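Each number in the working numbering comes from the position in the sequence shown (counting from 1) with 14 added on. Virtual Cβ for every residue (Gly too), placed ideally from N, Cα, C. Here the structure is a predicted model, which is why all the values come from computation and not from measurement. What follows is a short report on a single structure.
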Amino acid sequence: PLDGRTSFSIGVAVNPGAGDLELEVKKFQEKVNAGASFAITQAIYDPQVFLRFRQAVRDLPLPILVGVIPLKSHAFALYLHRNVPGIKIPEASLIRMARATKAEAKEVGLSIVLEVLEEIVSEVEGIHIMPIGDQESLGAILAWIAPRRQP
15 PLDGRTSFSI GVAVNPGAGD LELEVKKFQE KVNAGASFAI TQAIYDPQVF
65 LRFRQAVRDL PLPILVGVIP LKSHAFALYL HRNVPGIKIP EASLIRMARA
115 TKAEAKEVGL SIVLEVLEEI VSEVEGIHIM PIGDQESLGA ILAWIAPRRQ
165 P
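This is the structure we're talking about:
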């Protein structure tokens, strides 16, 4: 039993990389109209995909948290790219991951994520970090975010 009222914020998923951007924007508008408080994207690896989506929804009054998953290896990047709906990793990033040695892979994957964030950080209200067990990368992303936080 709950004693008193709850205070929920309603988050919804959005897919900036949807094949039909117009339909995705329409779905997002419906979620806003239904009472959503904020939106979270799937992991983004192509800043232009996110920026195109952000421009299309600029008039919708909802904070957007961009999703990020640090890449651990080329195999992991390929898995995300091929098997997770809404995640597309640009060919150039896949090539960078393929060229990285096993010892370099996490660092290269983290660099890719931070480069994407650098390009889009001014267009988001927050970041949804999904480290999938990679605490080192989580710490590095938090350290990158810290000086950029607004009070």
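When secondary structure is reduced to three states using DSSP, residue 134 falls in the helix class. The shortest C-alpha to C-alpha distance from residue 47 to any of 74, 122, 30 is the one to 74.
DSSP places residue 42 outside any beta strand (DSSP E); the residue lies instead in the alpha helix (DSSP H), whose first and last residues are 35-47.
Each of 20, 21, 25 was checked against the Cα of residue 140, and the nearest Cα belongs to 25. Under the three-state reduction of DSSP, residue 22 is assigned to coil, being neither helix nor strand.
When Cβ pairs closer than 8 angstroms are counted between the two stretches, the segment 109-125 is seen not to touch the segment 52-72, the count staying below three. For residue 58, no beta strand (DSSP E) encloses it, and the DSSP letter there is neither H nor E. Inclusion of residue 130 and residue 61 in the CB contact set at 8 angstroms is warranted, their separation being smaller than that value.
In the three-state DSSP reduction, residue 98 falls in the coil class, being neither helix nor strand.
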